[in-house]
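Working notes, structure below.
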Amino acid sequence: MEINLIRKNDKFNFEAENSSGFKVELDAKPEIGGEGKGFRPMEMLLIGLGGCSGIDMVNVLTKQKEPLNDVKIKIKASRKTEEMPPIFDVINIHFDMYGALNVQKVERALALTFDKYCSVSNILGRSATINFTYTIHH
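Quick note: the sequence shown uses the working numbering, first residue 516, plus one each step.
What follows is the structure in structure tokens.
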């Protein structure tokens, strides 16, 4: 895995590109001179968590032949602002799942996702409490 970043201006705006050519912009918060031209690095960690857990959960439900029609993921996190660096202390992730899904299979899929498969969850869970909830919409 390789990521390359280039500075886009004389401030804090960077463009990151992966080996497949996908790009994303990052920037610092305005309080320190950022210009709002991209995601902040800590937001990128939450995006990674949402993507990793979403992909793993969809994969498990697909293998279980569950009819997942759609999923929306919302993440809220708090940071230990009294410490440096201010790392995450609590991350709440909610899955809105659409389809005629079996509750036990959904719970099993999410347990496997967070306990076994999602490497981002494993890494972030070493320093933060990760809580997941879900709602099934039929």
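Every residue, glycine too, gets a C-beta built ideally from N, C-alpha and C. Fair warning: this is a prediction, and the values are worked out from it, not measured in the lab.
DSSP places ILE645 in the uninterrupted beta strand (DSSP E) bounded by 644-652. In chain order, LEU583, LEU616, LYS620, VAL621 and ALA624 place their CB closer than 8 Å to the CB of LEU576, counting only its own chain and leaving out the 5 sequence neighbours on each side. An exposed status is given to ALA626, since fewer than 16 other beta-carbon atoms sit within 10 Å of its beta-carbon. If you draw a straight line from the Cα of GLY536 to the Cα of PHE529, it comes to about 15 Å. In the three-state scheme derived from DSSP, where H, G and I count as helix and E and B as strand, ASP611 is classed as strand. Shortest Cα-Cα distance from GLU581 to any of LYS538, GLY614, ILE645 and THR628 involves GLY614. Rounded to whole angstroms, the Cβ separation of LEU541 and GLY553 is 4 Å, and the two are in contact under 8 Å.
Per DSSP, reduced to three states, the secondary structure at LEU541 is strand.
DSSP places GLU532 inside the beta strand (DSSP E), whose first and last residues are 529-533. In the structure shown, ILE602 falls within a coil segment according to DSSP collapsed to helix, strand and coil. Residue state for ASN519 is assigned as strand, using DSSP reduced to three classes.
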